[in-house]
Amino acid sequence: MMLKTAIVEIGKKYKVYTEHYLNATADKTIILVNGSLATTASFAQTVRYLRPRFNVVLYDQPYAGQSKQHNQHDQPIRKEDEAAILLELIEHFRAQHVMSFSWGGAATLLALAQQPPRIEKAVISSFAARINTPMRDYLESGRHFLQACDRRNVGRLINSTIGKHLPSLFKRFNERHVSSLDEHEYRQMHFHVNEVLTQDTHCYVSCADAIEVPLLFINGERDEYTSVEDARLFATHSRHAQFQTIKNAGHFLDMEHPTAWADTQQALLGFLQPVAKIPSQPRDLTFSGKASVIPPLQSANWVRL
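Oh and the sequence shown: position 55 is 55 in the UniProt record's numbering, straight run, nothing missing.
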């Protein structure tokens, strides 16, 4: 298994840091789409079970992680820009699958609605079709702290809401990650929140109408912010939608405990490779400590800050 890192130029406008895990035995490539302000490290648990079966591509948005040093930050990036970046990366890495988490679902649905010919299946995790009351309350509070660049209270808000089911170790990573962000990252997150709270989010269900490939929506049973019920509203808009609920899991799914990790693995691989035999339990139940977990904001009637 070989890891290749590279900076990929997108339309002569953005430079994106990428990690490409090459698997000589795999014939399919999957791209993972972060939530807002998360980095490639936030998929550390997911990559553990994808690498043995796929070529895996991770990337940092231009404003975050190891991409930000290569880009200007004079104005926020829109969800449409994030969709365009994803479409170019799909072509660049010749990917057949895409998987998004939280706010990454917004850009992914917009990109898939353009029917990229290479994509065969897509997984949308911790995303819902509307903003419910808990999510709206969360975003309203987050908007205030973000505008003030109040790092301490942003971290506390995340850990007490969408991150409340995370292990204490990961909550500490959240706090540390938030405290290290640059001011432009707070401006970017504030922009995302404003988009979600002020714009008509019907575009996401409209996108689902245009998507031709099979979709799997994965949500946590205990996630009140992007709830199972709100995710299932996509059922009437996507002809090929499937839904999986991860028992006893919140917004962060496979990061929360070993059983959720195993169940998320089972759901994901069962959808992408339905013939493959998938072990029901992970061999190593010790989670990696490499995760930068800032909750990706979502823009569809929900979000996660």
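Glycine included, each C-beta is placed from N, C-alpha and C at the ideal position.
- Less than 8 Å separates the beta-carbon of Met189 from that of Leu37.
- With a 10 Å radius around the Cβ and a threshold of 16 neighbouring Cβ atoms, Arg130 comes out buried.
- Under the three-state reduction of DSSP output, Gly220 falls in the strand class.
- Per DSSP, the continuous beta strand (DSSP E) segment holding Ala6 begins and ends at 2 to 10.
- One alpha carbon belongs to Lys68, the other to Gln61, and they sit about 8 Å apart.
- Phe101 sits in a strand when the DSSP states are folded into three classes.
- With contacts defined as CB atoms closer than 8 Å, Gly104 and Gly35 qualify as a contacting pair.
- Here the C-alpha atom of Tyr17 lies approximately 9 Å from the C-alpha atom of Glu9.
- When DSSP reads this structure, Val33 sits in a beta bridge with Ser100.
- About 5 Å separates the beta carbon of Asn219 from that of Val228, a gap short enough to meet the 8 Å contact definition.
- One Cα belongs to Arg232, the other to Tyr204, and the distance between them is close to 13 Å.
- Burial check for Gly11: the Cβ neighbour count within 10 Å stays below 16, so the residue is exposed.
- For His20, the enclosing beta strand (DSSP E) begins and ends at 14 to 22.
- As a beta-bridge residue in DSSP terms, Thr245 pairs with Asn219.
- A straight line joining the alpha-carbon of Gln75 with that of His202 spans about 25 Å.
- For Lys164, the three-state secondary structure derived from DSSP is coil.
- Annotation for Leu86: the continuous alpha helix (DSSP H) segment containing it runs 79 to 93.
- By DSSP's assignment, Val228 forms no beta bridge with any residue.
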